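Numbering (the UniProt record's numbering), first residue to last: 1 to 503. For each residue, glycine too, the CB sits at the ideal point set by N, CA and C. Predicted model only: the values in this text are computed from it and were never measured.
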């Protein structure tokens with residue numbers, strides 16, 4: 001049905017059909033030109049108020065030039081915009097809104113999907129109730145980018161509820177996955193329910209329920225957590241919570257500043273501690289634990305070997321041994337133990353050796369000692385270790401003191417020897433020595449010192465820490481030799497007198 005004033009004209013210049021007036025397509029539908037002959041309105045109450053535009057549908061509204069609106073109650077209000085759906089709105093220049101309740105209000109933005117929204121320039125929202133709140137954002141997926149935050153320019157959210165919630169999506173950040181959120185600027189979150197907090201500047205997380213809280217942190221693996229600045233958590237259930245801490249491995253934990261845990265269930269509790277191996281533990285500050293189930297508990301302790309334990313401060317356990325005392329060391333061997341009271345002791349090699357109590361303070365135990373490839377090794381002034389060509393091992397032998405006359409000066413005979421000031425005795429060592437209960441023969445140092453002070457020294461450390469006197473027994477040999485010679489001369493003199501009397 002043509003209206004009474006409807007007119008068709010052909011424009012020879014543009015080769016176009018111009019329609020002026022109304023054409024009734026069906027009962028109430030009206031096809032008519034809009035504000036000029038380049039615009040078309042189709043539908044009840046459809047309206048075009050700018051040139052070169054198209055409005056199709058009931059109450060479809062186009063007010064921008066070169067724009068289009070398709071659907072019931074849709075509107076396209078600015079230039080070069082397109083609205084398609086029900087109650088759909090394209091409200092800025094160069095916008096596209098497609099879907100029921102879709103809204104594209106940011107310049108050059110695209111909103112596709114039921115209830116999708118784009119609020120900022122050059123932003124994209126695709127999916128049910130998806131949102132793009134700030135400049136140049138991209139949100140793809142159901143409720144992707146649906147956040148009340150504003151600090152989220154140039155962010156990307158892809159996945160169901162990706163970037164959704166009350167917190168911000170960080171600027172220049174990426175969130176990919178179901179319920180994934182990347183709030184820190186320049187951060188990347190990939191996986192189910194992966195979360196980067198607002199302080200996670202430059203953080204990266206990948207995996208199911210991963211989390212990064214502060215800047216420059218990395219969290220990779222199911223339920224892994226990087227909770228401090230510059231931390232790394234890599235592996236399922238791993239956790240790095242100290243500044244610059246690193247946890248690598250399933251259930252690995254690095255709790256303190258600059259701590260490192262590498263291996264399944266490895267734990268580094270102390271500052272600057274290192275734990276490497278399955279179920280290892282470095283508890284003390286600056287401690288090191290390596291190999292399966294090794295434990296370095298004391299500060300600055302080192303434990304290397306299966307089930308080795310270094311509990312004491314500055315203790316060392318290498319091999320399958322336990323160094324429980326402060327400053328103690330267990331090197332090699334099997335099942336060797338230095339108990340907590342045996343401070344400063346050392347066990348090298350052997351098996352099932354236990355040092356317990358103050359008796360073993362500052363002791364060194366080397367069972368079956370062998371030293372290879374050396375002619376001799378000094379061991380104090382009492383003995384040396386010398387090379388045995390037959391057994392091809394080093395053995396301990398009596399020490400021979402240098403006695404060449406060319407090595408001596410100020411040589412004088414020993415005269416007027418008085419041995420009456422001390423006597424030989426038999427005795428038992430008491431609890432102040434490691435030889436408690438052992439019977440022996442000797443002299444009393446205090447008595448010898450009164451007569452021969454140079455052969456008595458204050459250089460023995462008892463188990464109670466006190467310094468006690470020692471006697472250099474080998475220096476008694478020339479003294480006793482002279483005394484024997486003196487007695488021999490007296491015997492010869494007496495024998496001569498007896499012979500003279502017989503005569």
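Looking only at its chain, what residues have a beta carbon closer than 7 Å to the beta carbon of residue i, apart from the 5 residues adjacent to it on each side?
i, result
"residue 415", "none"
"residue 419", "483"
"residue 141", "127, 130, 158, 159, 160, 162"
Write down the C-beta distance between residue i and residue j rounded to the nearest angstrom, noting that I regard them as a contact closer than 8 Å.
i, j, result
"residue 311", "residue 297", "4 Å"
"residue 104", "residue 122", "Actually they do not touch by this definition, with Cβ atoms about 11 Å apart."
"residue 194", "residue 177", "6 Å"
"residue 284", "residue 263", "Rounded, the Cβ-Cβ distance is 18 Å, inconsistent with contact."
"residue 422", "residue 447", "4 Å"
"residue 442", "residue 427", "7 Å"
"residue 347", "residue 321", "7 Å"
"residue 239", "residue 230", "About 15 Å; that fails the 8 Å criterion."
"residue 106", "residue 114", "Not confirmed; about 19 Å, so no contact."
"residue 282", "residue 299", "Contact flag wrong, Cβ pair sits at about 11 Å."
By alpha-carbon positions, which one of the options ends up nearest to residue i?
i, options, result
"residue 78", "86, 85, 62, 88", "62"
"residue 185", "155, 321, 124, 249", "155"
"residue 487", "417, 461, 501", "417"
"residue 412", "479, 423, 348, 280", "479"
"residue 187", "492, 206, 493", "206"
"residue 191", "200, 199, 201, 180", "180"
"residue 431", "127, 474, 109, 358", "358"
"residue 50", "71, 76, 57", "76"
"residue 468", "450, 476, 474, 445", "445"
"residue 209", "289, 349, 175, 476", "175"
"residue 71", "92, 93, 52, 101", "101"
"residue 450", "275, 433, 438, 471", "471"
"residue 367", "331, 254, 342", "331"
What are the boundary residues of the alpha helix (DSSP H) that residue i is part of?
i, result
"residue 143", "No alpha helix (DSSP H) contains residue 143, which DSSP labels as neither H nor E."
"residue 436", "Segment: none, residue 436 is in no alpha helix (DSSP H) and carries neither H nor E."
"residue 84", "Looking at the DSSP string, residue 84 is not in any alpha helix (DSSP H); the run it does join, the beta strand (DSSP E), is 82-84."
"residue 488", "476-502"
Buried or exposed: where does residue i fall if 16 or more other Cβ atoms within 10 Å of its Cβ makes it buried?
i, result
"residue 484", "exposed"
"residue 466", "exposed"
"residue 98", "buried"
"residue 464", "exposed"
"residue 256", "buried"
"residue 461", "exposed"
"residue 309", "buried"
"residue 425", "exposed"
"residue 228", "buried"
"residue 501", "exposed"
"residue 213", "buried"
"residue 372", "Reliability of the predicted coordinates at residue 372 is poor, the pLDDT of 45 falling under 50, and no value is obtained from them."
"residue 13", "exposed"
"residue 495", "exposed"
"residue 211", "buried"
"residue 117", "buried"
"residue 440", "exposed"
"residue 164", "A caution first: residue 164 carries a pLDDT of 49, below 50, which makes its placement in the model unreliable, though a value can still be read off. Its Cβ being crowded by 16 or more others within 10 Å, residue 164 is buried."
"residue 474", "exposed"
So the beta strand (DSSP E) residue i belongs to, where does it begin and stop?
i, result
"residue 506", "Because the chain spans 1 through 503 in this model, residue 506 falls outside it and cannot be assessed."
"residue 445", "Premise fails: residue 445 lies in the alpha helix (DSSP H), 445-451, not in any beta strand (DSSP E)."
"residue 505", "No statement about residue 505 is possible, as the shown extent of the chain runs from 1 to 503 and does not include it."
"residue 468", "467-471"
"residue 457", "456-461"
"residue 571", "The question about residue 571 has no answer, for the chain in this structure spans 1 to 503."
"residue 336", "329-338"
"residue 44", "It is not in any beta strand (DSSP E) - residue 44 carries neither H nor E in the DSSP assignment."
"residue 302", "302-304"
"residue 248", "246-248"
For chain D, check one thing: does any of its Cβ atoms lie closer than 9 Å to the Cβ of residue i?
i, result
"residue 204", "No chain D is present in this structure, which holds just one protein chain."
Could you pull out every residue in the same chain whose Cβ sits closer than 8 Å to the Cβ of residue i, ignoring the five residues on either side in sequence?
i, result
"residue 345", "325, 328, 329, 338, 355, 360, 361, 362, 363, 364, 365"
"residue 292", "277, 278, 279, 280, 306, 307"
"residue 351", "333, 334, 335, 336"
"residue 223", "207, 208, 209, 210, 236, 237"
"residue 108", "92, 93, 94, 95, 121, 122"
Within a Cβ cutoff of 6 Å, which residues of the same chain sit near residue i, ignoring the five residues on either side of it in sequence?
i, result
"residue 138", "124, 156"
"residue 81", "64, 67, 90, 95"
"residue 497", "none"
"residue 508", "One cannot answer for residue 508 here, as it falls past the ends of the chain, which runs 1 to 503."
"residue 492", "none"
"residue 59", "45, 73"
"residue 340", "324, 325"
"residue 250", "235, 236, 264"
Could you check whether the Cβ of residue i sits closer than 8 Å to any heavy atom belonging to the ligand GDP?
i, result
"residue 267", "Of ligands this structure carries none, so the ligand GDP is not represented either."
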